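Undergrad: Protein chains in written order, with my numbering: chain E, 8 to 163; chain F, 42 to 790; chain P, 316 to 396. The following block contains the structure, expressed as structure tokens.
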């Protein structure tokens, strides 16, 4: 077993893991943060998206042991207390989720987009989110919600 | 159960777009899906799967696996019930092979171990001896003379004698004399079509947590479209009483029909019983592709005759669907739905259900209908092109309306096909100019919609808020529409209702969330349960006022005297009556149980613009408009979402998605990288028009909306691509190699 | 008597009749009557059928009333995905 110390959503965390264990498994099974989902385990669906030192990664493709001394952000860290992140609010207002299983990964990926590109075009949103599969919505309301969140975040 | 007269008045909550009640859970990561729970002492299960498409299982030696300290149980077919028949036996045979492995990925044995990794490692210690058998994976190959027989004697009485044993069911419907009709046509076109198998593609793999004790009492947590049905079939498969197995549905990460049956749940229960510890099983994505419900692949012929004025004189279709190594490919629905939009004097449809060495097909959104529509609507498009007729005008000329005889037999009640066509014709999309290299396609589609067993209960709290329990898992925001209907009927705010999906121990039997039935059937039962509650509220008011119950009416959330003769009393709010319900007769709750019969059928018309790259064969959808009859949209955002989601699943099916089998009979693309579903950058916005022609069988006029949205896209996209490429595409998906080949063959003449 | 229209592949199990006259006043009565008159229909009906009565598709209810002038059509069992 490997001993790993990392920061998750700002909190110092430590755990033991098997060398073969993924970051996704460690988050879900060791740290009980089940917001990130395993849709494929091969980095194709993006349901397990997290931020690793600010970059979007598929946590199913990162080994848990690689987390040593790194900073992780998950969907559980997006809201500030009672205040939802503008993306979370806009997803609800626009009904941008049906089943909701892809939603955590898409929210995390969209947050990283808006931190880099505060005023994305429709194409930029679509290509940035091309690594996040959604089977329910056809992405329509997701793209609208991200664009609307960007407007709100620019005006505040 | 008629459309309520009082509903001619304005709706207050229905038709608005409130935030869904489970919304915050789902945007914060709190919502618990199938794989998100654990239990103390929990083991992890893993399933060994056949690497062969068809093989006799000569022996299974589990001794090396069970000798591992981490392994606590191993099960094979011998650990399941042995007395099953019919579809129950088919389900068991699919989730754990008996004498033969019938497809690549067929479950052979399962282990439970102390960690997921050690369970997976232990699978390598199970020694299976196979005798490889000849196999067939293609629907047309499977019925050629000499094709290996998947199951001797599997054909039922419907199959005429002398056909290949892999044809297990036969269906025919229609009326009139098609030969006479074809003779009256100015142009007759006959074409053959193929659609490849696709997967429902839900993002959440199947997952469950099971506990079954030696006393035959069990608990099951799983992602399912129907936990009552799961309880019934799981209990049968592991040989316990259904009521002793309490099933709690998790949040469900997509289903689209694929989670209407069970795969891992009975296996987890059997492992749990053997180990006497809770067992969790989570499928990998490749297991989902190899062993859970793809839809059928289809091979079809359609012949249609048309007069120069656009009247269809006769239509005939043959629909051959394979459903894997098990019967029940939805060929009858392909045959029944294909011609349903048209008022035809002479029509005949025939369907064949064919066995192949592929996984057991599972329902996928309007099973059978999209394929049939693809074939029929493609021929209509070609007829319109050849006769230089407008495709919407031709469809309007032939469209069914109330009183018309459906191709599948009965006369239609009130339906909205013509309204969808009129709205499509008037839509700016239909008037817009196409750019060079683009083509436009139109298609109609039809689905029955389902009703099913439904049980709902509604309980008041002392503070006047309402707890609504329904038994249909929420697969796309249905809790919001249930809250809306309850609030509408009771005359209270939306926020005052909380809807819970009750477990199997808490409510009467509910059919699965399938067949576009939830908003219709659970909605109907919710409205009737609210009316039952209102009767009880009025009785409490009558008692307090010491007047007859009939002299009390319920308006705007208050009990009021019915008229001046009833006396003068201050109206009593729901909250006021609830506040002292304990002393005025006891708790107040309403309930309703029914298998309703008024599920209204529904129609849609889609318009698609597509662009084709003649160098690469790549096709792209550049504009898409869905026009569909919802009857009444309770929460329009989620209705639009169903329209958009169905259209995009159709885009995937039409352009990219397919099960690719190799010469070895094994699935070649069991992962999202190679099974290419649409991503955000592939797509335009999907425009939606909600048509509302009320369903007379629902108090507010609701029709199901989930499935009809996937009926027109295959044809509409194929028509757009064919018109853009100037070559008729008859094989889906129109993947770049397939489209490029068709373009090149046409150019070479 | 109620005239019950069969889907066409069922006709060979009912002496090639397009429809069968049954004395019944419920959906269940119709199904029992069909089996009584044409026993070869039994396995098809027992596997599950739906019945359209004046355009209302009764997916599975046997107790639904049927009038003697109702238009009744036998359908394959309706389900969904």
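Glycine included, each C-beta is placed from N, C-alpha and C at the ideal position. Remember, it's a predicted structure, so these values are computed and weren't measured experimentally.
Return the residues of the segment 627-650 of chain F that lie within a Cβ-Cβ distance of less than 8 Å from chain P, sorted by chain order.
TA: Taking 8 Å as the cut-off between beta carbons, the residues of the segment 627-650 of chain F near chain P are 636, 638, 639, 640 and 642, in sequence order.
Undergrad: In angstroms, rounded to a whole number, what distance separates the CA positions of residue 95 of chain E and residue 69 of chain F?
TA: 8 Å
Undergrad: Which same chain residues end up closer than 6 Å to residue 862 of chain F when comparing Cβ atoms and leaving out the 5 residues on each side of it in sequence?
TA: For chain F, the structure presents residues 42 to 790; residue 862 of chain F sits outside this window and is missing.
Undergrad: Hey, out of F/518, F/403 and F/555, whose CA is closest to residue 269 of chain F's CA?
TA: F/555
Undergrad: Does the beta-carbon of residue 97 of chain F have 16 or more other beta-carbons within 10 angstroms, so that it is buried, or is it exposed?
TA: exposed
Undergrad: Are three or more beta carbon pairs between the segment 112-130 of chain E and the segment 59-75 of chain E nearer than 8 Å?
TA: yes
Undergrad: Buried or exposed: residue 252 of chain F, going by 16 or more other Cβ atoms within 10 Å of its Cβ?
TA: buried
Undergrad: Would you call the CB atoms of residue 736 of chain F and residue 687 of chain F closer than 7 Å?
TA: no
Undergrad: Any beta carbon of chain F sitting closer than 7 Å to that of residue 98 of chain E?
TA: yes
Undergrad: Strictly below 7 Å CB to CB, what residues from chain E border residue 402 of chain F?
TA: Residues of chain E passing the Cβ test: none, with the nearest at roughly 18 Å.
Undergrad: Looking only at C-alpha atoms, which of F/477, F/486 and F/435 sits nearest to residue 457 of chain F?
TA: Residue F/486 is the option with its Cα nearest to residue 457 of chain F.
Undergrad: Check this for me: beta carbons of residue 347 of chain F and residue 228 of chain F, under 7 Å apart or not?
TA: yes
Undergrad: From this set, F/749, F/571 and F/292, which residue's C-alpha is nearest residue 641 of chain F's C-alpha?
TA: The shortest Cα separation from residue 641 of chain F among F/749, F/571 and F/292 belongs to F/749.
Undergrad: Hey, out of F/595, F/589, F/142 and F/613, whose CA is closest to residue 40 of chain F's CA?
TA: Residue 40 of chain F falls outside the range modelled here, since chain F spans only 42 to 790, and no answer is possible.
Undergrad: Give the range of the beta strand (DSSP E) segment to which residue 679 of chain F is assigned.
TA: First-last for residue 679 of chain F: 677-696, but that is the alpha helix (DSSP H), not the beta strand (DSSP E).
Undergrad: What's the gap between the Cα of residue 45 of chain E and the Cα of residue 591 of chain F?
TA: Between residue 45 of chain E and residue 591 of chain F, the alpha-carbon positions lie close to 57 Å from each other.
Undergrad: Between which two residues does the beta strand (DSSP E) containing residue 360 of chain F stretch?
TA: 353-363
Undergrad: Which value, in whole angstroms, describes the spacing of the CA atoms of residue 196 of chain F and residue 361 of chain F?
TA: C-alpha separation (whole angstroms): 15 Å.
Undergrad: Indicate the three-state DSSP secondary structure (helix, strand or coil) for residue 87 of chain F in the structure shown.
TA: strand
Undergrad: Is residue 374 of chain P close to chain F? Criterion is C-beta to C-beta, closer than 7 Å.
TA: yes
Undergrad: Could you tell me which residues DSSP pairs with residue 19 of chain E in its beta bridges?
TA: E/14
Undergrad: DSSP three-state call for residue 375 of chain P: helix, strand or coil?
TA: In the structure shown, residue 375 of chain P sits in coil (DSSP, three-state: anything other than H, G, I, E or B).
Undergrad: Just to confirm my understanding: we take residue 447 of chain F, look at its own chain, exclude 5 residues before and 5 after, and list those with CB closer than 7 Å. What are they?
TA: The beta carbon of residue 447 of chain F lies closer than 7 Å to those of 381, 441 and 453 in the same chain, with the five residues before and after it left out.
Undergrad: Between the C-alpha atoms of residue 42 of chain F and residue 732 of chain F, what's the straight-line distance to the nearest angstrom?
TA: Reliability of the predicted coordinates at residue 42 of chain F is poor, the pLDDT of 42 falling under 50, and the value obtained from them is presented with this limitation in mind. Cα to Cα, the separation comes out at about 22 Å.
Undergrad: Could you spell out where the beta strand (DSSP E) holding residue 526 of chain F opens and where it closes?
TA: Per DSSP, residue 526 of chain F belongs to no beta strand (DSSP E); it is in the alpha helix (DSSP H), 519-531.
Undergrad: Less than 7 Å between the beta carbons of residue 103 of chain F and residue 167 of chain F, yes or no?
TA: yes
Undergrad: Report the residue from F/533, F/525 and F/75 whose alpha carbon sits nearest the alpha carbon of residue 563 of chain F.
TA: F/525
Undergrad: Please confirm if residue 169 of chain E has its CB atom under 7 Å from at least one CB of chain F.
TA: The shown model of chain E, from 8 to 163, leaves out residue 169 of chain E, and the question about it has no answer.
Undergrad: Using a beta-carbon distance below 7 Å, is residue 358 of chain P in contact with chain F?
TA: yes
Undergrad: Does the pairing of the segment 130-145 of chain E with the segment 720-728 of chain F give three or more beta-carbon distances under 8 Å?
TA: yes
Undergrad: Terminal residues of the continuous beta strand (DSSP E) containing residue 482 of chain F?
TA: 479-488
Undergrad: Along the segment 551-576 of chain F, what residues have a CB closer than 8 Å to any CB found in chain P?
TA: So the close ones are 555, 556, 557 and 558.
Undergrad: Residue 83 of chain E versus chain F: which residues are under 9 Å apart at the beta carbon?
TA: 69, 70 and 71
Undergrad: Which first and last residues belong to the beta strand (DSSP E) in which residue 542 of chain F is found?
TA: 538-542
Undergrad: Would a check of beta-carbon distances place residue 245 of chain F closer than 7 Å to chain E?
TA: Interface residue, yes.
Undergrad: I'd like the span of the beta strand (DSSP E) that includes residue 11 of chain F, first residue to last.
TA: Nothing can be reported for residue 11 of chain F: it is not among the residues displayed for chain F, which extend from 42 to 790.
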